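Novice:
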Amino acid sequence: MHCLSFDELLEDSASLPAVPKAAAHAHWSVLQRLVLEVTERLASDRGYEQLVGFRPADLFPDSHYYHALLMAEVLDGSKYDLLASTLPWLYHTLRSQGVPYDYLRIEHALWKDAIGRVLEREHARPITAVYDWMLARHEQIVALAEHWNDPSARDPGPYPDRVQALLAALLAADHKSVMSICRDLEASGVGLPELLQQLIYPVMTQVGLLWEDGKISVADEHQSTAIVNRVLAALYCSQSFPETDRGRALVSASVNEFHEMGAWMLATCLELDGWDVTYLGANVPTSALLLKAEQEQPELIAISVTMPFNLRPARNAIAALCKRLPQARILVGGQVFQRVPSLGATMGADACLSSCLEAVTWANRLPNRHTDALYRDP
Ligand code: B12
Numbered sequence: 013m014h015c016l017s018f019d020e021l022l023e024d025s026a027s028l029p030a031v032p033k034a035a036a037h038a039h040w041s042v043l044q045r046l047v048l049e050v051t052e053r054l055a056s057d058r059g060y061e062q063l064v065g066f067r068p069a070d071l072f073p074d075s076h077y078y079h080a081l082l083m084a085e086v087l088d089g090s091k092y093d094l095l096a097s098t099l100p101w102l103y104h105t106l107r108s109q110g111v112p113y114d115y116l117r118i119e120h121a122l123w124k125d126a127i128g129r130v131l132e133r134e135h136a137r138p139i140t141a142v143y144d145w146m147l148a149r150h151e152q153i154v155a156l157a158e159h160w161n162d163p164s165a166r167d168p169g170p171y172p173d174r175v176q177a178l179l180a181a182l183l184a185a186d187h188k189s190v191m192s193i194c195r196d197l198e199a200s201g202v203g204l205p206e207l208l209q210q211l212i213y214p215v216m217t218q219v220g221l222l223w224e225d226g227k228i229s230v231a232d233e234h235q236s237t238a239i240v241n242r243v244l245a246a247l248y249c250s251q252s253f254p255e256t257d258r259g260r261a262l263v264s265a266s267v268n269e270f271h272e273m274g275a276w277m278l279a280t281c282l283e284l285d286g287w288d289v290t291y292l293g294a295n296v297p298t299s300a301l302l303l304k305a306e307q308e309q310p311e312l313i314a315i316s317v318t319m320p321f322n323l324r325p326a327r328n329a330i331a332a333l334c335k336r337l338p339q340a341r342i343l344v345g346g347q348v349f350q351r352v353p354s355l356g357a358t359m360g361a362d363a364c365l366s367s368c369l370e371a372v373t374w375a376n377r378l379p380n381r382h383t384d385a386l387y388r389d390p
């Protein structure tokens, strides 16, 4: 077998033929049916259990739905860089949770089979070609997964020792130490926005990597997130916020997006910069976001997306916001764009930025209704 580097896998995926719009649309229209077919086949056939040595039905129940949504995002516009960047991570992560690599080969073959049966031939063919590519690259992806070096691990930030100490305190559920590490950094003159970016963000990345490597449990990861949330609430309450003279901002995570800390950080950083912020948190339905935006008429709307399978609803929400609030500037960001930067340009937003600090600088350049002499209410 010829081993591929991660970049070679990306390059190789780019040679796949484009999926026609009509085929991607047909795939989207039968998504639920495909999920049901694959889930039932895996659950009902005991042969799979014997083959892979575990009950596939025990795999977290959303995994097939997530796969279908990810593929829908990949097929819409033939975003093969997203596919090639996700596969080694997926193989590595599932393997670390005890799932044999062979399971993924079997599952992908079942998807291919279901697509061939459910879709008309002309729509199925370009999509099954993508699954053929995944199946043909299985061994190479396994090799990459074995030595997977997650791109998020590369930047430890300016306080690597404090990040390690904080990580140890989080895993030990030592609230007191977590609080004192944060307070000490604040006392050394570091403001909350920098503390969020340079201490909390890297420590959450480390927590994710430990989960991804199977070194901590889901419960340990939840514990760390819960402690950070409690401590951040305390730090938030002890800030002295400036007057809100920058304008109104609406900050939200996208629908089905359970990762909310990035949006929370952004809301906080904007507030500390004088924005009057409405923060909606995680998993906000598009209709609720639109209603809120229409009521509040914000100058700035920021949407956070972490998971690739949440891009489509986020894109739809942005399109609706552009239509109904043409004067608002729309910003997107979140982890998915750091993993695959080309996705930013597909969102229809005014900008896609990679950190809360950059977002504050960008927002500062927007016209200010309070101080700009030439500002006109639209
Ligand atoms: C905590 C956590 C969870 C919690 C979230 C709880 C909560 N209340 O937020 C829970 C348990 C719900 C969860 C669920 C899942 N998670 Co999770 N999770 C994490 C973890 C460990 C930390 C997330 C976090 O808070 N990071 C800190 C924040 C601040 O970082 P951030 O969001 O990236 O924000 C920064 C920038 O992106 C930017 N930013 C963010 N938003 C915006 C918006 C704008 C406009 C701008 C300009 C900038 C910006 O600013 C921030 C810094 O300045 C990460 C690991 C990691 N690397 O982050 C995994 C991680 C994100 N999760 C992951 C996965 C796989 C999942 C699940 C699919 C797991 C599962 N099997 O069910 C589900 C998906 C659920 C869903 N539908 O959304 C993977 C994603 C991998 C990938 N390739 O996409 C990660 C990376 C773990 C890993 N290393 O594998 N998760």
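Okay, so the sequence shown: first residue is 13 according to my numbering, each after it adds one. For each residue, glycine too, the CB sits at the ideal point set by N, CA and C. Because the structure is a prediction, the values reported are computed rather than measured.
1) Can you tell me which residues form a DSSP beta bridge with T298?
2) On a Cα-Cα basis, can you pick out the residue from T373, D232, L54 and Y103 that is closest to A181?
3) Here's a check: name, in chain order, each residue in its chain whose Cβ is nearer than 6 Å to the Cβ of R53, leaving out the five neighbours to either side.
4) When the Cα atoms are used, what is the spatial distance from R258 to P379?
5) Pull up the DSSP beta-bridge partners for S316, would you.
6) Tell me the rounded alpha-carbon separation between A265 and A245.
7) For ligand 1, I want to know if S175 counts as a neighbour, meaning its beta carbon is within less than 8 Å of at least one of the ligand's heavy atoms.
8) Between which two residues does the beta strand (DSSP E) carrying V289 extend?
9) Where does G259 sit, in a helix, a strand or coil, going by DSSP?
10) For G10, verify whether its CB is less than 8 Å away from any heavy atom of ligand 1.
11) Ligand 1 and H79: does any heavy atom of the ligand fall closer than 8 Å to the residue's C-beta?
12) Report buried or exposed for N268, applying the criterion of at least 16 other Cβ atoms within 10 angstroms of its Cβ.
13) L262 CB to nearest chain D CB: under 9 Å?
14) Taking the alpha-carbon positions, what's the L207 to R195 distance?
15) Starting from the Cα of E224, find the closest Cα among L48, P100 and S366 and give me that residue.
16) Got a sec? Which residues, its chain only, sit under 7 Å from H14 by beta carbon, not counting five neighbours each side?
17) Can you grab the Cα-Cα spacing for the pair G274 / Q251, in whole Å?
18) Do the CB positions of A361 and I330 come within less than 9 Å of each other?
19) My assumption, with CB atoms under 8 Å, is that Y171 sits in contact with L211. Please give the rounded CB distance.
20) Closer than 7 Å by C-beta to P214: which residues in its own chain qualify, once you throw out the five before and the five after it? Chain order, please.
21) How long is the line joining the alpha carbons of P32 and L365, rounded to whole angstroms?
22) Put L365 into one of helix, strand or coil per three-state DSSP.
23) Whose C-beta lies closer than 8 Å to the C-beta of E308 among residues of the same chain, with five residues either side of it excluded?
24) Go ahead and label Q218 buried or exposed: buried means 16 or more other beta carbons lie within 10 angstroms of its beta carbon, across all protein chains shown.
25) Should P338 be labelled buried (16 or more other beta-carbon atoms within 10 Å of its own) or exposed?
26) Quick check: the Cα distance between A11 and S316, rounded to an integer number of angstroms?
27) Could you tell me which of W374, P320 and N376 sits nearest to L95, measuring between CA atoms?
28) Could you tell me the distance, in whole angstroms, from the CA atom of A300 to the CA atom of H271?
29) Kindly examine ligand 1 and report whether one of its heavy atoms sits closer than 8 Å to the Cβ of Y213.
30) What are the complete alpha helix (DSSP H) segments, minimum 4 residues, inside the segment 128 to 154?
Specialist: Looking at the atomic coordinates:
1) For T298, which the question treats as bridged, DSSP gives no partner whatsoever.
2) D232
3) L122
4) 9 Å
5) A265 and G345
6) 18 Å
7) A small correction: the amino acid at residue 175 is Val; Ser does not occupy that position in the sequence shown. No, the beta carbon of V175 sits no closer than 8 Å to any heavy atom of ligand 1.
8) W287 to Y291
9) strand
10) No answer is possible for residue 10: it lies beyond the span of the chain, which begins at 13 and ends at 390.
11) no
12) buried
13) Absent from the structure: chain D. Only one protein chain is present.
14) 10 Å
15) P100
16) none
17) 19 Å
18) yes
19) 6 Å
20) P168, G169 and V175
21) 30 Å
22) strand
23) R260, L262 and T290
24) buried
25) exposed
26) Nothing can be reported for residue 11: it is not among the residues displayed for the chain, which extend from 13 to 390.
27) P320
28) 18 Å
29) yes
30) 133 to 148
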